[in-house]
Structure formats: structure tokens, C-alpha cells
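Colleague: Dropping a structure here in C-alpha cells format, bear with me for questions.
Numbering (this note's numbering), first residue to last: 2 to 252.
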């Protein structure tokens, strides 16, 4: 079969995302240690097992849950700490994905929602260690965004982030470049662009990218307001808020 851009784009996006996550996790582990993969294994086993069981028992179907693999990889590389925290977040990710839907579609990124809900009652530790190699994250992330047609979304996010940080720099007298680089590239390139929970229409994608940047930055600046929670991550919360806005605009 002749390899073409169409052939590449027609392939299941989850294979690309999963491969990139594993590459970034491996590169990060070269510096931080390979204990990270123990958590990845726990998360994968839980998401795959939970989704497969749900499909067999509730939906009376049996198939390989590819989306659960992506969710497990994301949880495994972001959530660090006690193994049972990972299990709870992974189970929540799958069950909430199956129950919180709009017209048969997911509203929220499952991994982000599972970790956020777990953080309401558990002191989980969220570490964006897969972003430890930003150049690789950016290069592979841009390649993924190009393949799945999300380059405009990425540009909208970075443009809004730049405007927000320019204003913040003027108000605080701090260097713009330092503030601009305060960004989780892993979330932007591998979670924000997810085809299932990002809008399908181009114009709405642009709004979605802007909303995500604004929400995340506002939540970062007001993080002290949420100190009553065992764990709170402004990046995941902003992403989920953008998921909701994107779905509402797409109805």
C-alpha cells in the first residue's frame, strides 16, 4: 500500500497519541528514573480492565478499548504517588466517560476528569514529568497536530496565551518570555487537541483554544482560592472547562 498523507491521517489517532506519550515518558525516565513505568502499567491495567468489563457487562460488547489505553497512559505519566490513587483515578476516568455524555459523545477528556475528581477527595500528586523534554514535546506535538488537523487550534491557544502573558507582564513588571514559557506543552499538544473532546468545526476550535488558554491562566493566578481541596490542578480544570464550552458551542 502506497503511503500518503491521507493514509496517515486516516489511521486511528490514538495510535499516534499513545506512541508519543510512550516516547516522551521514556525520554523523561532517562533523567528521572524508570519507576514512572510502574505507575503507567498500573494505570493501563486499570483503565483497560475497567473499560473492557464495562463493555462486556453493561453494553454486551467485546472489543479492545483503544481509548482506555490513551487514558491509562495519560494518567500513568501525570499522576504520581500511591498506587491506589492511580487505580481510583483510572476507574473514575472510565466510569465518568461512560456516564457523562452529550448525544452519545464524550464531553470531557476522560483522563483529566478522572484525575480532577480524584483530587477532590484524595491528596494525589500531579506531575507533568512528560514535559521534562520540551523540545521533543513540541516537535512531536506539532507533528500530531498536523496529522489530525489541529494546527489552527494550537496557534489560537498560543496566541491567547501570549496576549494574556503580555498583559500580565505589563502589570507586574516581570519578563514576558519567562511568563510565556510557563506553559504545560504536554497538555496542549496531547490533551487539548484530542479529536473526541475538541470541536470538529474549525471556527469553534479557535474559540476553544482561546477559552482554554484564558481559563488555565486565570486558574493559575487564583490557585490559592482552591487550597481547601486535597489536590487542585489549574491546567486540568481549565482544560475541562474548555471541553465544556467547546461541546456547548458544537451542539
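Backbone N, C-alpha and C fix where the C-beta goes; we use that ideal spot for every residue, glycine too.
Keep in mind it's a predicted model, so treat the numbers as computed, not measured.
(1) In angstroms, rounded to a whole number, what distance separates the CA positions of residue 22 and residue 175?
(2) Quick one: grab the DSSP three-state call for residue 84.
(3) If we count the other Cβ atoms within 10 Å of its Cβ and call it buried at 16 or more, is residue 101 buried or exposed?
(4) Under a Cβ-count criterion, where at least 16 other Cβ atoms within 10 Å of its own Cβ denotes burial, should residue 198 be classed as buried or exposed?
(5) For residue 141, does the three-state DSSP call read helix, strand or coil?
(6) How many angstroms separate the CA atom of residue 1 from the CA atom of residue 106?
(7) Is the beta carbon of residue 48 sitting closer than 8 Å to the one on residue 94?
(8) Short of 7 Å in beta carbon distance, which residues of its chain neighbour residue 209, apart from the five on each side in sequence? Order them along the chain.
(9) Would residue 235 pass as a contact of residue 220 if the rule is Cβ separation under 8 Å?
(10) Using 8 Å as the threshold, is the region 24 to 44 in touch with the region 73 to 92, meaning 3 or more CB pairs across them?
(11) How would you call residue 158, buried or exposed, if buried means at least 16 neighbouring beta carbons within 10 angstroms?
Modeller: Inspection of the coordinates gives the following:
(1) Stepping through the chain shown from its first residue, residue 22 is reached at position 21. Stepping through the chain shown from its first residue, residue 175 is reached at position 174. Note on geometry: alpha-carbon atoms of residue 22 and residue 175 lie some 33 Å from one another.
(2) Here residue 84 is taken as the residue at index 83 of the chain shown, counted from 1. Here residue 84 sits in helix by DSSP.
(3) As a first step, residue 101 is located in the chain shown; it is residue number 100 there, counting from the start. Under this definition residue 101 is an exposed residue.
(4) What you label residue 198 is simply residue 197 of the chain shown in a count that begins at 1. The residue is buried, with at least 16 neighbouring Cβ atoms inside 10 Å.
(5) As a working note, residue 141 is residue 140 in the chain shown. Here residue 141 sits in helix by DSSP.
(6) With the chain covering 2 to 252 only, the question about residue 1 has no answer from this structure.
(7) The residue given as residue 48 occupies position 47 in the chain shown. The residue given as residue 94 occupies position 93 in the chain shown. Cβ atoms of residue 48 and residue 94: closer than 8 Å.
(8) Within the chain shown, the letter at position 208 stands for residue 209. Only 154, 199, 200, 243, 246 and 247 meet the Cβ criterion.
(9) Position 234 of the chain shown holds residue 235. Position 219 of the chain shown holds residue 220. In this structure, residue 220 lies closer than 8 Å to residue 235 by Cβ.
(10) Taking a cut-off of 8 Å for Cβ pairs, the region 24 to 44 and the region 73 to 92 touch, as three or more such pairs fall below it.
(11) Looking up residue 158 in the chain shown gives position 157. That one is buried.
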